[in-house]
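**Student:** The structure that follows is given in the form of structure tokens.
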Amino acid sequence: MLRRDFLRYLFKGLSLLTLGEGLKKIIWPISVNAALPPNRWLFLVDTYKCLGCGFCVQACKLENEIPVQANVSRTWVERYVVTPEGTLTDSPKEGREGFINNRVELAPGRYQNIPKEKIKKGFFVPKLCNQCEKPPCVQVCPVGATYKTGEGITLIDRKWCIGCGYCIMACPYGMRFFHPQYHVADKCNFCYHRIHKGIKPACVLACPTGARNIGNLRDPEDQVKKIIISQRVGILKGEYGTKPQVYYLGLSEEVR
Amino acid sequence: MYFLRPLMVFLGLAGLILVIRIILVPADFGIHEQGYLYGWYRKSNEQEWVNLAIKYQGRGYCQDCHGEPYKSILSSPHRGIECENCHGPAGDHPTNPLKLKKNTGRDLCLRCHSYLAYPTSKRSEIKGIDAEKHNPSGACASCHDAHKASKPG
């Protein structure tokens, strides 16, 4: 009888404690809402305006201390050229030196020149970490080195990362890479150190046409928020269910 | 009776692991705003990222000392281009770096001005050249002033 009584009292006590906590959230919801962080970041990319100049890629590398000559970048620009035969796409050196000729780089060292009359559509798509609402990269980390902050940005803890590379494999967009110097995972974080001081990320600053824009969902006057709510925007790889927070104007079906 | 000693060994190992965990795992490592699935991390890392040095200062930083090219470029078709795009990040200029570079290479200008006939992109609306035909051996800066963005003469 003693054990049964002990378990009964234990069960009743625990349920009372949890009930109290739950009632508190219903009766005093202010304490829950006060926990909402002041920022919630979104990004808007206008692919009609992108010139393929590559200043954003260069700015990102210099601002975030990624070795410039390394073949990795936190952001990059892809070129899509649609011809009647098919779509050709390339991203020479992640676009950091721009696209200075019409030859599409099919493979390192292998180029294809496309005559002008065959070009039906041609455009540039800059890509960066989508800071997904449901990031697969965060779910697979075995040690808890990567995480989503309350503001919606996914960060990587360089001191905690063991360099297993599981998150790099998990990202469906290919945004993550090994940092060549620190040998841990790295990725775009919307220039976390800049947005916290109220200035724009390096790529947004560098863009000469305003193709890249960062917005704040909690700011009632935010222009990016208004565009995303009122205009036709698209996201990359929606079928993966990751709920990305980078929206594109002018996304075409050829974009992978 | 006979299971007591292995049980004690097992409990001892479990206790040891828990003690090592208290020593090795930082105190602020826990479940934060986004719950266990996305928000399990070391909280002080957020501040470590905020502390990263800022290298790109934006064109307002250049305005006070370099007023003339600043005003000139603002009234030219190049007004959208930040100073640091072509001259490199300002950092703590003039303390560090002492001088920013004047890049007069062709590849810098060809990023936008190599004409690409892409109908659905703003790139095709920019006046451009064929790099192999237009003055292939010379620097663009020998005839064009980037802060005025005009044809030579």
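Chains as they are written, first to last, in our numbering: chain A, 10 to 265; chain B, 1308 to 1460.
Don't be surprised by glycine CBs; every beta carbon is placed ideally from N, CA and C.
Name the DSSP bridge partner or partners of SER1421 of chain B?
**Tutor:** Looking at the DSSP assignment, SER1421 of chain B forms a beta bridge with B:ILE1436.
**Student:** Which value, in whole angstroms, describes the spacing of the CA atoms of ILE1324 of chain B and GLN232 of chain A?
**Tutor:** The alpha-carbon atoms of ILE1324 of chain B and GLN232 of chain A are separated by roughly 52 angstroms.
**Student:** For the segment 1400 to 1411 of chain B, enumerate the residues whose C-beta is nearer than 8 angstroms to any C-beta of chain A, in chain order.
**Tutor:** Residues: none.
**Student:** Do you know offhand how far LEU1320 of chain B's Cα is from TYR156 of chain A's?
**Tutor:** Their Cα atoms are separated by approximately 31 angstroms.
**Student:** Taking Cβ positions only, does ILE1361 of chain B come closer than 9 angstroms to chain A?
**Tutor:** So yes, ILE1361 of chain B belongs to the interface.
**Student:** Starting from ARG1366 of chain B, trace the alpha helix (DSSP H) in both directions and tell me its first and last residue.
**Tutor:** Taken as a continuous stretch (DSSP letters only), ARG1366 of chain B belongs to no alpha helix (DSSP H), as it is neither H nor E.
**Student:** Using C-beta distances below 8 angstroms, list every residue in its chain close to VAL90 of chain A, excluding the 5 sequence neighbours before and after it, in chain order.
**Tutor:** The answer, listed in chain order, is THR96, LEU97, THR98, VAL113, ILE123, ILE128, LYS130, GLY131.
**Student:** What's the C-alpha gap between GLU142 of chain A and LEU1359 of chain B?
**Tutor:** C-alpha separation (whole angstroms): 25 angstroms.
**Student:** Assess, as a yes-or-no matter, whether the segment 44 to 57 of chain A is touched by the segment 1401 to 1419 of chain B under the definition of 3 or more beta carbon pairs within less than 8 angstroms.
**Tutor:** Counting Cβ pairs under 8 angstroms, fewer than three are found: no touch.
**Student:** Under the rule that 16 or more other beta-carbon atoms within 10 Å means buried, what is ARG105 of chain A, buried or exposed?
**Tutor:** Flag for ARG105 of chain A reads buried.
**Student:** Is ILE1380 of chain B helix, strand or coil by DSSP?
**Tutor:** Reduced to three states, the DSSP call for ILE1380 of chain B is helix.
**Student:** Alpha carbon to alpha carbon, how far is GLU103 of chain A from SER82 of chain A? Give it in angstroms, no decimals.
**Tutor:** Using only the alpha carbons, I get a separation of about 7 angstroms.
**Student:** Is it right to say LYS70 of chain A is buried, meaning 16 or more other beta carbons lie within 10 angstroms of its own, or is it exposed?
**Tutor:** So LYS70 of chain A counts as buried.
**Student:** Would CYS1454 of chain B pass as a contact of ILE1380 of chain B if the rule is Cβ separation under 9 angstroms?
**Tutor:** Per the sequence presented here, residue 1454 of chain B reads as His, with Cys not at that position. In this structure, ILE1380 of chain B lies closer than 9 angstroms to HIS1454 of chain B by Cβ.
**Student:** Would you say GLN1370 of chain B lies against chain A (beta-carbon separation less than 9 angstroms)?
**Tutor:** Cβ-Cβ to chain A under 9 angstroms: no for GLN1370 of chain B.
**Student:** Note the first and the last residue of the continuous alpha helix (DSSP H) segment covering GLU1355 of chain B.
**Tutor:** Counting along the chain, the alpha helix (DSSP H) containing GLU1355 of chain B begins and ends at 1352 to 1357.
**Student:** Considering only residues of the same chain and omitting the five flanking positions on each side of MET184 of chain A, which have a CB-CB separation below 6 angstroms?
**Tutor:** Result list for MET184 of chain A: CYS138, LYS196, in chain order.
**Student:** Determine whether the beta carbon atoms of GLY107 of chain A and GLY63 of chain A lie at a separation below 9 angstroms.
**Tutor:** Yes; because the gap between Cβ atoms is below 9 angstroms, this pair is in contact.
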